[in-house]
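In the order they appear, the protein sequences are chains A and B.
The opening residue of the first sequence carries number 12 in my numbering; numbering runs sequentially from there.
The opening residue of the second sequence carries number 26 in my numbering; numbering runs sequentially from there.
Where a beta carbon is used, it is the ideal one built from N, C-alpha and C, also for glycine.
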Amino acid sequence: MSATDATILIDDAPVPFRPGQTILDAALEGGVYIPHLCHDPEFEPHGSCKLCSVVVNGRSASACTMKAAAGQEVEVDTPDLHAYRRTLLQMLFVEGNHFCPGCEKSGDCQLQALAYDSEMMTPHFVEFYPRRPVDASHPDVLLDLNRCIQCELCVRASRDVDGKSVFALAGRGMASHIIVNSPSGRLGDSNFSAADKAAHVCPVGAILIKRVGFKTPIGERRYDLEPISEEATRCAVEVAK
Amino acid sequence: MVGESDVVARIVQRRPDPTRLLQILIEAQEELGWISPETARAIASGLGVPITRVESVVQFYSFLYDAPRGRYRILFSDNITDRMLGSLALFEHMLKRLRLRRGEISADGAVSVDLTSCTGMCDQGPAALVNTRAITKLTARRVDEICDLVRGGVAIAEWPADYFRVEDNIRRADALLGSRYDPGSALRAAIAHGRQGMLDEMKLSNLRGRGGAGFTTSVKWEGCRNAPGAERFVVCNADEGEPGTFKDRVLLTSYAERVFEGMAIAGFAVGAARGLLYLRGEYRHLLDPLEAKLEAMRRGRLLGASICGAQGFDFDIDIHLGAGAYICGEESALIESLEGKPGKPRIRPPFPVTVGYLGKPTVVDNVETLAQATEVALHGGRMFAGRGTKHSAGTKILSVSGDCSRPGLYEYPFGVRIEQVLKDCGASDVAAVQISGPSGICLTPDEFRRHIAFEDVPTAGAFMVFGKERDLFEVARNFAHFFAHESCGFCTPCRVGTALMRDALDKIADGRGSRYEINELMRLSELLRRTSHCGLGQTAGNAVRDTWLKFRPAYERRLIRGEFDPAVDLDAALARAREIAGREDAAAHIGAEA
C-alpha cells in the first residue's frame, strides 16, 4: 500500500486526513488508536504528556501536534514506542499520588485505562509521594491535585471555552502545579462553576463533581465496559460522521 | 515613607503592558526585596491580568521570590568548574559562619545562602551572586569578609569593588576579538551593500548560528524577511545559561557595539525596526553599561531613525532581563519569556521566523552570531567564508575553563583540533573535555585529534577541561542535578525523567546503586532523547551515557555487587518513629550489623 495525496501510512495501513488535521486526529477518525492524555480534539494541541510519541519518516514526533502530510509513514505500534509509553505512564503515576482502589474516578480514569491498555503491571519507579493539598472549598466541585497529571486541559477549557481562566500551571520542573485564580487561591473563592467546561475535561480524578462520584457503580463505568483504545476510536469515528 | 503600593503603581504605570510582566516583577523585586501577595495582586490589577498569570511567572523563575529571602541573598554558582575550584567548601564555610542551613533565612531576616546554576564566571570562580551582583574569585578570606559585611549590615554598594571585578580573560584573539573596530563601520558597510545585497553577503558567508545548533543564518534571515506580516523583530539571545559558557558575557562587556550593530544589520536585511536583547539575570551587572551604550549609539545616529543618515533604516533596541531559567536559552522559550510568560518552549513548527515574538516573524540569533554578522558586512561574505572549514565558516569563540593554567576566551578559525586548544590553554594530564556544556559531548584523549566544527564536534562554546584526578561520575551527577533543576516541567519525560536520573545517580553516590540503576539510567536517557519536547530533555542524559561508556571505573567502584538494592532504606525510614518514641536501642533498628 502506498500513501496518496490525502492519506498517510500508519503502521503500513493508509489513513485518510483532512488538510490541517494532526496525525493523532486523523488516526482516531480513521479508527487507529494512538494513546494520549493531554489531547482533546476540542482544544488547541498541547503536546505535553508525550504518550502519543510516534516515529514519522524515521524521526520522533508527537502525533497530537504534528500536522498530517502526504507521504508520511508513521510508526505507532512498535515494541520501542510501546515501552516508552509504558514508562511515561509509570512516570505519571509516581510523580503524583494515585491510589486507584480508593479513587472515585476508577473506571472512568484515562490514566488508569491507559495503564491497563499498555499492560503496565507496576509503577516501577520509586514513588515521589509529593505533598499536595486537597481543596474541598467549592460547594460543588472537589479539587484533588494528588491525581493531577498536568495536562492543562482544565487550564485550556477555562480560558478558551469558559472565558474565566480559573486555572493556571505554576512553578517549574517537578514543582509544577495547578493554581486557582481567586484571592485566597482556593476554588471556593473563585467564580468556578460545576457547569463550566473545565469541570468536565479532567482525564483523571483531579477535578471531581461532588455528590455523584458513585452514581455509576464500579464495574459499569466507561472503561470497565470497553478498553480505552476501542472507546476513543469509536467516539472519534462517531463524531466525524 | 513610600508605600509598597506606590512602588508597584509607579513601576506598572510607566508601561502597563502585560508582555512586560517579567520586567515589572524584576523591577518591583529590586525595590521591595520579594514579591508579596499584595505586590502580586497590585501588579495583576494594574495590568488587568488574572493573579494566576503573575503567580505562574513568579514561581517559574529562580530569581523571583514569593517569600522573603533576606536583605542579602547570596547564591553560590554550582557549576562543576566552581566545585573544582573549591566552591562547596566555601559554601559550607559561609553557612557555618552565619549559622545557617542551605536556603534558610537568618532569624533577623538579614541573609540567606543557597546554590544556583552556573553564573558564567567559570574562568574566574568560585563565583556567586549577591542579590543581583556577580562576585568572582571567592576565597576563604573573601567569604569571611563577606560574612562580616553582612553581619555589619553594610550596603552592597559599599562593598569592596574588587569583589565585583569581572575580567575578560581573552587569551587568543582572531578576526572578531582581535581586530580594531571603528563604531558604525559595519552599519555603513551594510548600508552600502543594500538590504538585498547584505542578505546576499550573508548567503556567501555561510555563517552558521553560534548558539550550538548551527542553523545557517542567512536562511533564517531570508525566511523572516519573506514571511507574511507587516512587523518583524530581531532578538538577540544573550541567555547564556549553558554551564561552562561565558563568551557572550565578554562580547557584551567589551564588544557590545558590534553585537548591537549586528542586530541593526539583521533588522536592515529582514525589514525589522525593533530589536530585543534578552540578557540572562546572572548578567544583571551588564545592564546599566549596555543601556549607556545604546544611548550613546542613539546619540551617534547608530540607532534610532535613519541610521547613519540612511532614509528608512530605522532600528532600536530594548533590553529584557531574564531571572534565572536555563530553558529560556531555547529560542521559543526565550520568546515566551520576552512576552512576560514562563519560559516554556512552544510547539515547533511554526518556527519563530514566521511566528515569533507577539506572533510576528522574528529572527532569534546568538550574541556571537550577530557580532560575526558585522564581520560579514565589513569584509564581505566571500572573505568570511574563506576562514574555517568548508561547512563551518569563520571563527569560533571557545569558553575554556577547568583544569588548565590559562582559562578564558580562545577564538580560533573553525577546524581547530581539541589537542591544540588544550596545548594553548596550558592543560596537561587531561582525562576528558566536556564540549558544549552538560548537553554536549564528553571527549577522551583518543578523540583529542577531532576538530571543533559543525561537521565534527559542534559546540556553543563551552570547553571544560578535566584532569586525570577528577571524578567523572561526580561531573555527570552535577549535570544531572542541573537538568532536574532547570527542566521547565512542561513534558512528562523531561519533568519526571530528569528527577529520576538525578535520584538514581544520588543512590549510586550513596553506595547503594547496582547494575540495575545503570540500566535504568541508560533506558531513561534514551527515552528522554526520543520523546522530550525540546533540546533540554533530549540532551539531559548525554553526560551520564558518555561518562558511563568512557569512565566506567568511576561508576563501578561505587556499585554494589548484587543485582539490586532496594530504594527504600527500612532502617532510615524508621528514624522519625525512633525520634517520636525516644528510642535508640538496638531493637529499634532494622538490619543492624551483626
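Meets three-Cβ-pair contact criterion under 8 Å: the stretch 478-485 of chain B and the stretch 415-422 of chain B: yes
Check for me: the beta strand (DSSP E) holding B/Q459 runs from which residue to which? 455-460
Under 7 Å between C-beta atoms, does A/G184 make it to chain B? yes
Report yes if the CB atom of A/H93 is closer than 7 Å to the CB atom of A/C75, and no otherwise. no
What beta strand (DSSP E) runs, 3 residues minimum, are completely inside the stretch 120-148 of chain B? 136-141
Starting from the C-beta of A/K208, find all residues in its chain whose C-beta is less than 8 Å away, skip the five residues before and the five after it, and write them out in chain order. A168, S169, V172, D173
Those residues which DSSP pairs with B/P463 across a bridge: Bridge partners of B/P463: none, in fact.
Short Cβ contact (7 Å threshold) for B/C516 with A/S59: yes
For B/K421, the three-state DSSP class (helix, strand or coil): strand
To test your reading of the DSSP string, which unbroken alpha helix (DSSP H) runs of 4 or more residues are found completely within the stretch 209-235 of chain B? 210-218, 220-230
Would you say A/F110 lies against chain B (beta-carbon separation less than 7 Å)? no
Could you tell me which chain B residues have their CB closer than 8 Å to the CB of A/N7, listed as they occur along the chain? Since the first residue of chain A shown is 12 and the last is 252, residue 7 of chain A is not available in this structure.
Check whether chain A comes within 7 Å of B/G587, counting only Cβ atoms and requiring the distance to be less than that. no
Establish whether the CB of B/R540 and some CB of chain A are separated by less than 7 Å. no
Quick one: what's got a C-beta closer than 8 Å to B/E588's C-beta in the same chain, skipping five residues either side? S539, R540, Y541
Are the Cβ atoms of A/S73 and A/R97 separated by less than 7 Å? no
Is it true that the CB of A/I160 sits closer than 7 Å to the CB of A/L103? yes
Should B/V593 be labelled buried (16 or more other beta-carbon atoms within 10 Å of its own) or exposed? exposed
Given 8 Å as the limit, is there contact between the stretch 247-265 of chain B and the stretch 384-397 of chain B, that is, 3 or more CB pairs closer than that? yes
Would you mind giving the Cβ-Cβ distance between B/L229 and B/T242, rounded to the nearest angstrom? I have them listed as a contact below 8 Å. With 8 Å as the limit, B/L229 and B/T242 do not qualify as a contact, their Cβ atoms being about 12 Å apart.
Under 9 Å from the C-beta of B/D531: neighbouring residues of chain A: Those within 9 Å of B/D531 in chain A number zero; the least Cβ separation is about 11 Å.
Start-to-end residues for the beta strand (DSSP E) that takes in B/R196: 195-197
Under 7 Å between the Cβ atoms of B/E361 and B/G368? yes
Report yes or no: do three or more beta-carbon pairs, one from the stretch 387-403 of chain B and one from the stretch 113-126 of chain B, lie closer than 8 Å? no
Return helix, strand or coil for B/A478, following the three-state DSSP convention. coil
Starting from B/R527, trace the alpha helix (DSSP H) both ways and give me its first and last residue. 517-534
A/G196 versus B/L100, B/S461, B/A114, B/R66, residue with shortest Cα-Cα distance: B/R66
Between B/T379 and chain A, is any beta-carbon pair separated by less than 7 Å? no
Which full runs of the beta strand (DSSP E) of 3+ residues lie inside the stretch 91-117 of chain A, going along the chain? none
Note down, in chain order, every chain B residue with its Cβ under 9 Å from the Cβ of A/A251. Going along chain B, no residue has its Cβ under 9 Å from A/A251, so there is no contact; the nearest lies around 24 Å.
Go ahead and label A/D91 buried or exposed: buried means 16 or more other beta carbons lie within 10 angstroms of its beta carbon, across all protein chains shown. exposed
Given 8 Å as the limit, is there contact between the stretch 445-464 of chain B and the stretch 481-498 of chain B, that is, 3 or more CB pairs closer than that? yes
In chain order, what residues of the same chain have a beta carbon less than 7 Å from the beta carbon of B/D273, not counting five sequence neighbours either side? A263, E265, V392, E393
Three or more C-beta pairs under 8 Å: does that hold for the stretch 92-110 of chain B against the stretch 128-135 of chain B? yes
Check this for me: beta carbons of B/S331 and B/T106, under 7 Å apart or not? no
Could you spell out the range, first to last residue, of the beta strand (DSSP E) harbouring B/M489? 487-492
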